[in-house]
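Counting from 1, one number per residue, gives the positions in the sequence shown under the UniProt record's numbering.
As structure tokens, the structure follows; a few thoughts come after it.
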Amino acid sequence: MKTPYKIYEKRRDYYKGLLEKQKKSLNMIGNLRLFVVLAGLGNTIFLYLTKNNTLLLPIFLVYLAIFIYLVIKYNQVKEIKKYISSLYKINDNSLKRVKGEWKSFSDTGGEFCNENHNFSYDLDIFGKASLFQWINTTATYMGRQFLKQYLTKPCTSKDKIYKRQEAIDELAGKLWWRQRFMAEAMAISEKSNNPESLYKWVNERNEFYLRPWVKFIVNMLPIISISTILIYFMTNNMSYYYPISILGIQILILKFKNKERSKVLNTVYKYKDNIAVYRHMLKQFEKKNFKSKYLNELKNILINEENEKVYNQIERLEKITQSITNRNNAAFIFVNIVILWDYRCMIRLENWKKKSGEHIRAWLNTIGELEALGSLAVIRHDNPQWAKPIIIDNPSHFRSTNMGHPLIDDKRVCNDLKFENETRILLITGSNMSGKSTLLRTAGINLVLAYAGAPVCAKTFSCSIMKIYTCMRISDNMEKNISSFYAELLRIKEIVKETESNTQVFFLLDEIFKGTNSEDRHKGAKILIKKLLKNNGMGLVSTHDLELETLEKESEKKVKNYHFREYYKNNEIYFDYKLRPGPSKTRNALYLMRMVGIDDGI
1 MKTPYKIYEK RRDYYKGLLE KQKKSLNMIG NLRLFVVLAG LGNTIFLYLT KNNTLLLPIF
61 LVYLAIFIYL VIKYNQVKEI KKYISSLYKI NDNSLKRVKG EWKSFSDTGG EFCNENHNFS
121 YDLDIFGKAS LFQWINTTAT YMGRQFLKQY LTKPCTSKDK IYKRQEAIDE LAGKLWWRQR
181 FMAEAMAISE KSNNPESLYK WVNERNEFYL RPWVKFIVNM LPIISISTIL IYFMTNNMSY
241 YYPISILGIQ ILILKFKNKE RSKVLNTVYK YKDNIAVYRH MLKQFEKKNF KSKYLNELKN
301 ILINEENEKV YNQIERLEKI TQSITNRNNA AFIFVNIVIL WDYRCMIRLE NWKKKSGEHI
361 RAWLNTIGEL EALGSLAVIR HDNPQWAKPI IIDNPSHFRS TNMGHPLIDD KRVCNDLKFE
421 NETRILLITG SNMSGKSTLL RTAGINLVLA YAGAPVCAKT FSCSIMKIYT CMRISDNMEK
481 NISSFYAELL RIKEIVKETE SNTQVFFLLD EIFKGTNSED RHKGAKILIK KLLKNNGMGL
541 VSTHDLELET LEKESEKKVK NYHFREYYKN NEIYFDYKLR PGPSKTRNAL YLMRMVGIDD
601 GI
């Protein structure tokens, strides 16, 4: 069986070869085009100078036809090259992801970073070296928003999580189709607009342009004006007053509601390229057969009462947007006056809106959700050995074997993590740099993946539905004049309040109350842990306070001690990052100080 690396390498090299062929074709067509221009110009001049008027026009038209054909062909090959280039880039990036070089990807989702979110900031969901940067293959605005939603708003439905798992498994196996779907989206990756303006336009009804008398005037006046212009130039029996008068009337008609019309046309025109891509993506999805229930539910969203294909409806909108040209162009202004082109576009837009407009949000959301599922399918395809999470109905359950951090590649160390019997809190102790914080993040990020419907970095993994809360990276807020210690208290207050409700909470508390003296820290941590044990929640608490180990006995094993340890060799410190039962018995702060030159000699 081929490894993901071999699959991507073969596909990348294949598209690289196709890309070279397309480049050669473009160069050849470009050279032919230049030759046709020079030959046509030379022959035309020769026939003109020799006064061979019989052949002059036919020869010129032949060369013109060949030139137009070559221009069309050049643009077609250029589009094919662009598409193949996207497929090459997709496979090249996939290779980088497999090799652990994904931190060079430009889209980090940095704008989604939110220090106040209940877990995403602490778990590195967004930003540099984040989960989003690792898995994101979305290119449209909707795709990025849906992936953000999948990773920050954990699904609370067991059935929906299982349906997502099934869909992700199926998409993982359809690499050929998935990559082509991605390649279509990449055509607008750098200019994918927020569709809210489009949605707003769709919801604004403008019946004026659908009135029969408006349509009658828009159809009849251009016929009259063109007829009078032709009669004026072809005969001497009509005064220029008539065509000028009719064109004047049409100018006044164009002035009527001009600002309103311009706003609508400019809004729709802004989405011209996006709409073309949406059509291609929807066409690919509609024409593909799927087995998973969730993907077929998404397909059903695209079915209307008349059973008309959605991509055909989007294609009609695409043609309208393509007909809305640069409205400041001098040639267009004249054409607009003669045939009332703005009105014609508005009538077509309002007709489209009346028939299909109300569905466009659902259609574009379907694209977005497909892209998000495709990103999660990358995890399954590239890591077939990872576990498919089992969702347990028990309100407080978390159990995993051989669980590791998905964003750590070569140096990943896996551990078992189990809440057995009545255990509600795992108290993690250990010296500095031993792996406590990484363990907390490992548990949290795998829960995020599990609730999204994705595979998790573990051999086995089961959990119940819980809200994730973290208290790890707390810092001062100078703007609000809040110290890190007070900010930590506010976050802990939020977590305690959530556990007091009927909601099941999974909390991750790292080095709690580190901003105060050791006595207050010890007393405060003890009070907090005892309070959490009374409420609805479970989780991990890391600490340097070794005296908290007594809580295991005091709580009748509702709190259980685990620890990391270090060892020394050749006057060097080493960590194996393996989680062991019981409290830590070692310290290494003074040793680390000596390592960096801060010793007793100061």
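From the three backbone atoms N, C-alpha and C, an ideal C-beta is built for every residue, glycine too.
Predicted model, so just to flag it, every value in this text is computed and none were measured.
{"Query": "So, at 7 Å on beta carbons, what are the nonlocal neighbours of E315 in its own chain, with the 5 sequence-adjacent residues on each side left out?", "Result": "R279"}
{"Query": "In whole angstroms, what is the alpha-carbon distance linking E572 and D409?", "Result": "24 Å"}
{"Query": "How far does the beta strand (DSSP E) with T470 in it extend, from its first residue to its last?", "Result": "K467 to C471"}
{"Query": "Look up L58 in the DSSP assignment and say whether it is helix, strand or coil.", "Result": "Residue 58 is actually Pro in this sequence, not Leu. Three-state DSSP puts P58 in a helix."}
{"Query": "Closest by CA to F398, which one among Y486, Y8, I224 and M538?", "Result": "M538"}
{"Query": "Mind checking whether S292 and E166 have CB atoms under 8 Å apart?", "Result": "yes"}
{"Query": "Just reading off the beta strand (DSSP E) that G537 is part of, what are its end residues?", "Result": "G537 to T543"}
{"Query": "Which residue marks the beginning of the beta strand (DSSP E) containing D159, and which one marks its end?", "Result": "Run containing D159: none in the beta strand (DSSP E); it sits in the alpha helix (DSSP H), K158 to G173."}
{"Query": "Who pairs with A387 in a beta bridge, going by DSSP?", "Result": "V456"}
{"Query": "Can you tell me which of the three DSSP states K418 falls into?", "Result": "strand"}
{"Query": "For the putative contact between S542 and I428, defined by C-beta atoms under 8 Å, what is the C-beta separation to the nearest angstrom?", "Result": "4 Å"}
{"Query": "Roughly how many angstroms lie between the CA atoms of A487 and N432, to the nearest whole one?", "Result": "23 Å"}
{"Query": "Given a cut-off of 8 Å, decide if Y271 and R164 are closer than it, judged by their beta-carbon atoms.", "Result": "no"}
{"Query": "Pick from V335, D159, K255 and Q284: whose alpha carbon is nearest that of D393?", "Result": "D159"}
{"Query": "Under a Cβ-count criterion, where at least 16 other Cβ atoms within 10 Å of its own Cβ denotes burial, should L548 be classed as buried or exposed?", "Result": "buried"}
{"Query": "CB-CB under 8 Å to L64, same chain, minus the five flanking residues each way: which ones, in chain order?", "Result": "G40"}
{"Query": "When the distance is taken between beta carbons, is E498 closer than 8 Å to Y451?", "Result": "no"}
{"Query": "Pick helix, strand or coil for S225, following the three-state DSSP scheme.", "Result": "helix"}
{"Query": "Mind checking who Y567 pairs with in its DSSP beta bridge?", "Result": "Y574"}
{"Query": "Work out the CA separation of I135 and K103 for me, nearest whole Å.", "Result": "11 Å"}
{"Query": "Which whole-angstrom value is the C-beta distance of V218 and L340, which I expect to be below 8 Å?", "Result": "5 Å"}
{"Query": "Measure the beta-carbon distance from A129 to I188 and round it to whole angstroms, keeping in mind my assumption that it falls under 8 Å.", "Result": "Their Cβ separation, rounded to whole angstroms, is 27 Å, which puts A129 and I188 out of contact at 8 Å."}
{"Query": "Express the C-alpha separation of I492 and K585 in angstroms, rounding to a whole number.", "Result": "28 Å"}
{"Query": "Could you give the distance in angstroms between the alpha-carbon of Q145 and the alpha-carbon of L364?", "Result": "12 Å"}
{"Query": "Within a Cβ cutoff of 8 Å, which residues of the same chain sit near K16, ignoring the five residues on either side of it in sequence?", "Result": "Y88"}
{"Query": "Secondary structure at F132, three-state DSSP: helix, strand or coil?", "Result": "helix"}
{"Query": "For S225, count neighbouring Cβ atoms within 10 angstroms of its own Cβ and tell me buried if that reaches 16, exposed if not.", "Result": "buried"}
{"Query": "For F334, which of helix, strand or coil comes out of DSSP?", "Result": "helix"}
{"Query": "Find the nearest neighbour of D576 within the set S85, N421, S434 and L489, judged by alpha-carbon distance.", "Result": "S434"}
{"Query": "In the DSSP assignment, find the unbroken beta strand (DSSP E) run with S400 in it and report its ends.", "Result": "F398 to M403"}
{"Query": "Below 8 Å, can you find three or more Cβ-Cβ pairs linking the region 341-357 to the region 415-422?", "Result": "no"}
{"Query": "If you drop the 5 nearest sequence neighbours on each side, which residues of the same chain put their C-beta closer than 6 Å to that of R178?", "Result": "L171 and G374"}
{"Query": "So, with DSSP's three-state summary, where would you put F461?", "Result": "strand"}
{"Query": "Cβ atoms of G143 and G453: under 8 Å apart, would you say?", "Result": "no"}
{"Query": "In chain order, what residues of the same chain have a beta carbon less than 6 Å from the beta carbon of L579, not counting five sequence neighbours either side?", "Result": "N415 and Y562"}
{"Query": "Consult DSSP for I602 and reduce its assignment to one of helix, strand or coil.", "Result": "With a pLDDT of only 46 at I602, under the threshold of 50, the placement of this residue in the model should not be trusted; the figure read from the coordinates follows. DSSP places I602 in coil when its eight states are reduced to three."}
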